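Working notes, structure below.
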Amino acid sequence: MKKRFTATALIASAAAAALLLTGCVAGENQPAAGSASSAAGSTGIVTEGGTLNIDFATYNPLSLVIKEKGWLEEALADQDITVNWVQSAGSNKANEALRANAIDVGSTAGSAALLARSNGSPIQVIDIYSQPEWSALVVPEGSDITSVEDLKGKQIAATKGTDPYFFLLQSLEEAGLSPEDVTVQNLQHADGWAALQNGSVDAWAGLDPIMAGAEAAGAKLVYRNVDFNSYGFLNATESFITEKPDVAQTVVDVYEHARDWALTHEDETAQILSDVAGLDLAVATKVITERSNLDVDNVPGEAQLKVLTTIGPIFVETGDVLEQKQVDDALDTIINDTFATKADPTIVE
């Protein structure tokens, strides 16, 4: 087993009495409201009753383990808090649910979280769940496309607002191409794979575990670059962080228990992924053992900001964010390391 590396947290925890949400909607090109680091324990808040709305996603294996094992329900039982699980089909869907307050905590790629916050969504990353190689450019078996350069003039499926989409943009830029050199069909991840199979597109910016299943079915990963993949972010709304810091801490504590468990139970973790995603066990095992990289420092900080600082200007170039200042403001406020720094995986017995 690899040793976890330690990333120095960049943003110091700061107390805040309250947060004012902007009320703007995604796409209005307004920066998010001021951030806060409301630490559970320091506020003395103990939440009683109510519901925790949290997502699970096949691209976030730890969420699947936690849901399967019932650890959150167990940890919150004494507070009479109900756990409501909502599936996210992609980072874009998780961001939509967070923006609408349909969920309190959601799983996204780091790039997607930064895009959302740059456009006014009041979310912060409270834990890092993985450093995956979950994106690549995929072509069907027998395709004559062998490089990114060959994509010029082609139809490519990608889910805008997610890591595979930004992977595509970075890959095009590296190859000397622009988004105008290709036609992007904005399809949800599973629909992109279906479009590749039926010939509606020439290539697909894929996402695991669907991509691993496509590869097993004969599709080819024509371009891979782990540096173009951003981290797996566990995000929470600022209102949830402020109003229920004790519950936010419990979520992170349980996530860290799940990480420790998954790293020592890779076979069972793969089986859970296989069952939920409908994947062959061998494919699910490949995703867990080769491409998920759960063995990372959970505290968000410099490592994540380094990646996001590279990706951020792409948002402005493509018109997804109006101006660079919004990206810069988001980079300054997106990280909340309070809960991850205090994480106690022993919360689950």
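The sequence shown lines up with residues -26 to -1, 1 to 323 when you count with mature numbering (1 follows the signal peptide of the UniProt record, and there is no 0). Beta carbons are placed, not taken as given, at the ideal position from N, Cα and C, and that holds for glycine. All figures in this text were calculated on a predicted structure; none of them were measured in a lab.
Sequence-distant residues of the same chain with beta carbon closer than 6 Å to residue i, five excluded per side
i: V200; result: E107
i: F207; result: T82, G84, A87 and V99
i: E47; result: V57
i: T157; result: Q129
i: A(-12); result: In this prediction, A(-12) has a pLDDT of 34, which is less than 50 and means its spatial position is unreliable; what the coordinates show is noted afterwards. Hits under 6 Å: none found.
i: N172; result: none
i: D155; result: K126
The ligand ATP heavy atom lying under 7 Å from the CB of residue i
i: G173; result: Absence of the ligand ATP from the depicted structure is noted, as is the absence of any ligand whatsoever, leaving it without description.
Range covered by the beta strand (DSSP E) that runs through residue i
i: D249; result: From DSSP, D249 is part of no beta strand (DSSP E) but of the alpha helix (DSSP H) over E240 to A251.
i: D254; result: First-last for D254: undefined, no H or E at that position.
i: L26; result: T25 to F30
Contacts around residue i, its chain only, beta-carbon distance under 7 Å, and the 5 residues preceding and following it disregarded
i: S266; result: P35, S104 and P106
i: A210; result: D78, V79, I97, Q98, I100 and A222
i: N27; result: N58, V60, A76, I77 and D78
i: A190; result: D254 and V257
i: A317; result: V226, D227, E230 and N272
i: S65; result: T82, A83, A86, G135, T136 and D137
i: Y139; result: A132, T133 and A179
i: E115; result: G192, A193 and K194
i: T21; result: Q53, I55, K218, D220 and V221
i: E264; result: none
i: E42; result: I246
i: L(-6); result: Bear in mind that the predicted position of L(-6) carries a pLDDT of just 33, short of 50, making it too unreliable to give a figure here.
Reference residue i; option with closest CA among the options
i: G80; options: V99, G252 and L142; result: V99
i: A68; options: W167, L279 and T136; result: T136
i: I215; options: L89, A314 and D318; result: A314
i: S95; options: A317, K316, V301 and D318; result: V301
i: L268; options: N66, L38, L237 and V281; result: L237
i: G24; options: D52, S37 and K43; result: D52
i: A304; options: N93, E22 and F30; result: N93
i: K134; options: D318, P319, D306 and D294; result: D294
i: R233; options: V273, E154 and L89; result: V273
i: A71; options: D54, D155, K41 and D29; result: D29
i: E212; options: A277, A74 and D241; result: A74
i: K280; options: K41, Y205 and A164; result: Y205
i: W235; options: D155, L181, P319 and S117; result: P319
i: D306; options: E264, D241, R91 and S117; result: R91
i: K299; options: E264, K41, D241 and L89; result: L89
Span of the alpha helix (DSSP H), counted from its first residue to its last, around residue i
i: L50; result: W45 to L50
i: I215; result: E212 to E217
i: Q162; result: Careful: Q162 lies outside any alpha helix (DSSP H) and carries neither H nor E.
Whole-angstrom C-beta distance between residue j and residue i, which should lie under 8 Å
i: T243; j: I321; result: Not a contact, Cβ separation roughly 19 Å.
i: A87; j: I308; result: 6 Å
i: A63; j: Q144; result: Not a contact, Cβ separation roughly 23 Å.
i: I102; j: V250; result: I102 to V250, Cβ: 21 Å. No contact.
i: V261; j: A186; result: 5 Å
i: H239; j: W45; result: Rounded, the Cβ-Cβ distance is 13 Å, inconsistent with contact.
i: T292; j: P153; result: 6 Å
Contacting residues, own chain, Cβ-Cβ under 8 Å from residue i (five flanking each side not counted)
i: A49; result: T224, D227, V228, I321 and V322
i: I119; result: V113, L125, K128, D176, A177 and V196
i: F141; result: S109, A110, L111, A179, N199, F202 and N203
i: Q159; result: Q129, I130, A131, A132, G166, A169, S174 and V175
i: G252; result: none
i: G150; result: E123
i: L247; result: T32, P35, L38, P183, L253, A258, V261 and I262
i: E147; result: I288
i: Q245; result: L255 and A258
i: L181; result: Y33, G64, W108, S109, T133, T136, D137, P138 and H163
i: S121; result: A149, V196 and Y197
i: D241; result: T259
Beta carbon proximity, residue i to chain D, threshold 8 Å
i: L237; result: The displayed structure is made up of one protein chain only, and chain D is not part of it.
Where are the beta strand (DSSP E) runs, 3 residues long or more, that stay fully inside the region 176 to 201, in chain order?
-> 177 to 181 and 194 to 197, all fully within the region 176 to 201.
Could you tell me which uninterrupted beta strand (DSSP E) segments, each at least 3 residues in length, are contained entirely in the region 258 to 318, listed from first to last along the chain?
-> For the region 258 to 318, not a single whole beta strand (DSSP E) run of length 3 or above is found.
Which runs of the beta strand (DSSP E) spanning at least 3 residues fall entirely within the region 50 to 138, listed in chain order?
-> You should have 56 to 61, 79 to 83, 97 to 104, 109 to 113 and 129 to 132.
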